[in-house]
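Colleague:
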């Protein structure tokens, strides 16, 4: 087995792509002509988005995210958390936790992205 995709269910895939490009510098890998599914270029594991409308049409009943009671987070690694955090906030992300140095040598910060999903911005874990 190989971990291949994380798919987030969102209201508007195209709007989400625009946000992720501005906030995190990620580029579109592919977008279906319907605009209801797309993938970002994120390396070995694909970050994808599917519209809530499509998921409902497929018989799923997706819930909206709640950053106050998250069931998961996505994380982006960077060498400069403060700069990446500033860029995300300028793009419209909402601050959940400012950059904090952790005892294990990692710097982390948390924001919510334009759909309300919790996103960690972090340095690599020190070895």
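Residue numbers (the numbering used here): 861 to 987. A virtual CB, placed ideally from N, CA and C, is assigned to each residue, including glycine. Since this is a predicted model, take the numbers as computed values, not measurements.
Would you mind reading off the limits of the beta strand (DSSP E) that contains residue 879?
Modeller: Start at 1 with the first residue of the chain shown, and residue 879 comes out as number 19. Here residue 879 belongs to no beta strand (DSSP E); instead the alpha helix (DSSP H) covers 873 to 884.
Colleague: Have a look at residue 944 and residue 959 and give me their C-alpha separation to the nearest angstrom.
Modeller: One-based indexing of the chain shown puts residue 944 at position 84. One-based indexing of the chain shown puts residue 959 at position 99. Taking the straight line joining both Cα atoms gives about 10 angstroms.
Colleague: Am I right that residue 993 and residue 865 are in contact with their C-beta atoms under 8 angstroms? What's the rounded C-beta distance?
Modeller: There is no way to answer for residue 993, as the model of the chain reaches only from 861 to 987.
Colleague: For the stretch 931 to 984, list the beta strand (DSSP E) runs that are entirely contained and at least 3 residues long, ordered along the chain.
Modeller: 934 to 937, 954 to 961, 967 to 972 and 978 to 982
Colleague: Going by beta carbon distance, what residues of the same chain come within less than 6 angstroms of residue 899, once the five residues before and after it are set aside?
Modeller: Here residue 899 refers to the residue found at position 39 of the chain shown. Within the same chain, Cβ atoms closer than 6 angstroms to the Cβ of residue 899 are found at 889, 890, 906 and 908, the five residues on either side in sequence being excluded.
Colleague: Where DSSP assigns a beta bridge to residue 910, which residues make up the other side?
Modeller: Here residue 910 is taken as the residue at index 50 of the chain shown, counted from 1. DSSP, once it has assigned bridges, lists 869 and 897 as partnering residue 910.
Colleague: Is the beta carbon of residue 934 less than 9 angstroms from the beta carbon of residue 873?
Modeller: Here the question's residue 934 lines up with position 74 in the chain shown. Here the question's residue 873 lines up with position 13 in the chain shown. No; because the gap between Cβ atoms is not below 9 angstroms, this pair is not in contact.
Colleague: Would DSSP call residue 862 helix, strand or coil?
Modeller: As a first step, residue 862 is located in the chain shown; it is residue number 2 there, counting from the start. Coil at residue 862, not helix or strand.
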